[in-house]
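Asker: Residue numbers (this note's numbering), protein chains in the order written: chain A, 153 to 346; chain B, 1113 to 1132.
Note that the Cβ used here is the ideal one computed from N, Cα and C, for glycine as well.
Got a structure here, written out as structure tokens. Questions coming.
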Amino acid sequence: QRAASPPRQRFLRWRPPNRWSLWFFKNDKSKTWQANLRLISKFDTVEDFWALYNHIQLSSNLMSGCDYSLFKDGIEPMWEDERNKRGGRWLLTLNKQQRRSDLDRFWLETLLCLVGEAFDDHSDDVCGAVVNIRTKGDKIAVWTADYDNREAVTHIGRVYKERLGLPMKMTIGYQSHTDTATKSGSTTKNKFVV
Amino acid sequence: GKRQYDRDFLLGFQFMPACI
């Protein structure tokens, strides 16, 4: 019987180049924005990434006003962080129907792009990603470090769009955080589109 | 080039015992 059962596998703990932190934001209006932001956990192996992902709620099950953020260790998921303040984000805005059809698979694909360093030599420019669950339409964004680095930003945008499987004629825009923070009106101008 | 982890490689770990 002992011979028939397979040997216990030793997992080698596959280790991607970066350690990542997963954050959770829950909109409690009685608290400050900072107080609502919580670090859930960090991981630096593929096994620990999945142990975390498999353990937490899917984005589509979160209450409106909540966010998940995945950022490289040492970068806080806010514009003001030293690594984010000269940067921006590729923003994907979803309609209400897409919460059911696309949100969870788009967010997982985003996580896989980050953890898997999908952006080739420009992966160093990636800071993290955020998913916002909102009644008026959910959003997913990939944050990069430098809005002036055209080559890195456009490469990241093209790869990201391809990985999500978005149709060619659908465009996504990249906005700097400073523009988003200082916008007047409901839309921020795009520095780049793909 | 830099080391990448292919998505299918990563997905292959999702339901391994160490990950659940």
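(1) Can you name the residues of chain B whose CB is closer than 7 angstroms to the CB of Leu264 (chain A)?
(2) Which residues in the same chain have their Cβ closer than 7 angstroms to the Cβ of Gly240 (chain A), if we skip the five residues on either side of it in sequence?
(3) So what's Phe176 (chain A) in DSSP terms, helix, strand or just coil?
(4) On a Cα-Cα basis, can you pick out the residue from A:Cys218, A:Gln249, A:Lys224, A:Ala203 that is closest to Asn170 (chain A)?
(5) Measure the C-alpha to C-alpha separation of Lys181 (chain A) and Asp196 (chain A) and round it to an integer number of angstroms.
(6) Considering only DSSP beta bridges, list what Arg241 (chain A) is partnered with.
(7) How about Arg171 (chain A): is its C-beta nearer than 8 angstroms to some C-beta of chain B?
(8) Over the uninterrupted alpha helix (DSSP H) stretch that includes Ala115 (chain A), give me the two end residues.
(9) To the nearest angstrom, how far is the alpha carbon of Lys288 (chain A) from that of Lys178 (chain A)?
(10) Counting contacts by CB-CB distance shorter than 8 angstroms, is Asn206 (chain A) in contact with chain B?
(11) Which runs of the beta strand (DSSP E), 3 residues or longer, sit entirely within the region 242 to 275 of chain A?
(12) Are the region 202 to 213 of chain A and the region 265 to 279 of chain A in contact at 8 angstroms, needing three or more beta carbon pairs?
(13) Going along the chain, which residues of its own chain have a beta-carbon closer than 7 angstroms to the beta-carbon of Ile227 (chain A), five neighbours each way excluded?
(14) Can you tell me whether Trp259 (chain A) is buried or exposed? The criterion is at least 16 other CB atoms within 10 Å of its CB, across all chains shown.
(15) In the structure shown, what three-state DSSP assignment does Val346 (chain A) receive?
(16) Apart from the five residues just before and just after Val267 (chain A), which ones in its own chain have a Cβ nearer than 6 angstroms to its Cβ?
(17) Can you tell me whether Trp172 (chain A) is buried or exposed? The criterion is at least 16 other CB atoms within 10 Å of its CB, across all chains shown.
(18) Check the DSSP bridge columns for Tyr220 (chain A) and list the partner residues they point to.
(19) Using the DSSP secondary-structure output, state which residues sit across from Leu191 (chain A) in a beta bridge.
Answerer: Looking at the coordinates:
(1) Arg1119, Leu1122
(2) Thr296, Tyr299, Tyr326, Gln327, Ser328, His329, Lys343
(3) strand
(4) A:Lys224
(5) 33 angstroms
(6) A:Trp295, A:Gln327
(7) no
(8) Shown here, chain A extends from 153 to 346; a query on residue 115 (chain A) therefore has no answer.
(9) 17 angstroms
(10) yes
(11) none
(12) no
(13) Asp233, Arg235, Asn236, Cys279, Gly280
(14) buried
(15) coil
(16) Pro168, Phe201
(17) buried
(18) A:Phe176, A:Val283
(19) A:Trp175
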